[in-house]
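Under the working numbering, the sequence shown is numbered contiguously, ending at residue 369. Glycine included, C-beta positions come from ideal geometry on N, C-alpha and C.
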Amino acid sequence: MYDPVQLRTFLTVAQTLSFTQAAGRLGVRQSTVSQHVRRLEEATGRPLFLRDTHSVELTEDGEALLGFARTILEAHERAAAFFTGTRLRGRLRFGASEDFVLTRLPEILEGFRHQHPEVDLELSVELSGTLHERLDAGLLDLVLAKRRGPGDERGRLVWRDRMVWIGAEGLRVDPERPVPLIVFPPPGITRARALEVLEREGRPWRVACTSGSLSGLIAAARAGLGVMAHARGLIPPGLVRVGGLPELGPVEFALLRGARVPAAAEALASAILSGADRLSRTA
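This is how it looks when you write it as structure tokens:
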């Protein structure tokens, strides 16, 4: 009833919230993406996206289809791997941004390890800026991290989000006093964005907490020490959006490959892209 090709297109649009970006990732024309979505909507008998000239959003039925689509595609991939008899081996050095510590990335990695038990997977969890540096130095093979900012088109887009200010429930930022910031140390990308936006708007600020650990930042934010910039789809439990501050703009997460690309890197990249919708939902 449901074509796997159409389901993969649907998942890609859901992850990027853009028919144009989905076409670029899949290597097809935008008209093909629209056709796949239309046929899938005909097969389900339900609208899957709300779209206009400015935005694309999932409907409730689209949200419901995400899990089914992922399950169907994972079954196809397991069957293909079984009957082709392909066995991946070797060492794979994978780096993931701190942002994904509380998401379902571990589930994706567990599935990959189960499917490819002879791959020696080495995981590094770092700031996105640090991961970019280690990748460029040849110390990592595959990285899942934030893009550095507007104009950075390296890698394959995994999903797009907006960056927002978050803090403890009930926290209010006094407009007459410097904004208390909870930030990663340099070269943190969210840190750089927060400082750039505040300085551009002429808002004074002070650093209330610095930590290289996301857990440390979350603890400080829950204690009400200040606000932190964070992806909207990754807001940790116990924290909420905080208003009254300048807009932080969009953020994109991408998969980037190093100069050395082992065969296992493509298999892990495919697993992450297939399950990217799980990355924007905390465990």
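* Asked: How would you call D222, buried or exposed, if buried means at least 16 neighbouring beta carbons within 10 angstroms?
  -> exposed
* To do: Throw me the rounded Cβ distance for the H200 and L174 pair, which I believe falls under 8 Å.
  => In fact, because the Cβ distance is near 13 Å, the residues do not count as touching under 8 Å.
* Asked: Between the C-alpha atoms of V328 and L188, what's the straight-line distance to the nearest angstrom?
  -> 20 Å
* To do: Could you name the residues that DSSP lists as bridge partners for D247?
  => V337
* To do: Please determine, among S301, E127, Q101, R179, the residue with the shortest C-alpha to C-alpha distance to F325.
  => Correcting the residue identity first, residue 325 is Leu in this sequence and not Phe. When only C-alpha atoms are compared, the closest one is S301.
* To do: Grab the span of the alpha helix (DSSP H) containing D363 for me, first residue to last.
  => 362–365
* Roughly how far, in whole angstroms, is the beta-carbon of F339 from the beta-carbon of L303, given that I think they are within contact range, below 8 Å? -> Wrong, their Cβ atoms sit about 18 Å apart, outside the cutoff.
* If you draw a straight line from the alpha carbon of F169 to that of L126, how long is it in whole angstroms? -> 28 Å
* **Burial state of F180, where buried means 16 or more other Cβ atoms lie within 10 Å** => buried
* In terms of residues, what are the limits of the beta strand (DSSP E) holding P261? -> Counting along the chain, P261 falls outside any beta strand (DSSP E), and DSSP gives it neither H nor E.
* Span separating the alpha-carbon of R286 from that of E143 -> 30 Å
* To do: Could you say if the region 315–325 and the region 206–225 meet the contact criterion of at least three C-beta pairs nearer than 8 Å?
  => no
* Is there contact between the region 344–354 and the region 247–258, where contact requires at least three CB pairs shorter than 8 Å? -> no
* Asked: How big is the Cα-Cα spacing for L311 and D89?
  -> 50 Å
* Can you tell me which of T130, E184, R234, R124 puts its alpha carbon nearest to the alpha carbon of S299? => E184
* Asked: Does the beta-carbon of S117 have 16 or more other beta-carbons within 10 angstroms, so that it is buried, or is it exposed?
  -> exposed
* Using DSSP with H/G/I as helix, E/B as strand and the rest coil, what is P332? -> coil
* **CB of V313 within 8 Å of CB of P266, strictly** => yes
* Hey, how far is the Cα of I268 from the Cα of F186? -> 18 Å
* Count the other CB atoms, across all protein chains shown, that sit within 10 Å of the CB of S214; report buried if there are 16 or more and exposed otherwise. => buried
* To do: Report the residue from R258, P332, M87 whose alpha carbon sits nearest the alpha carbon of A129.
  => M87
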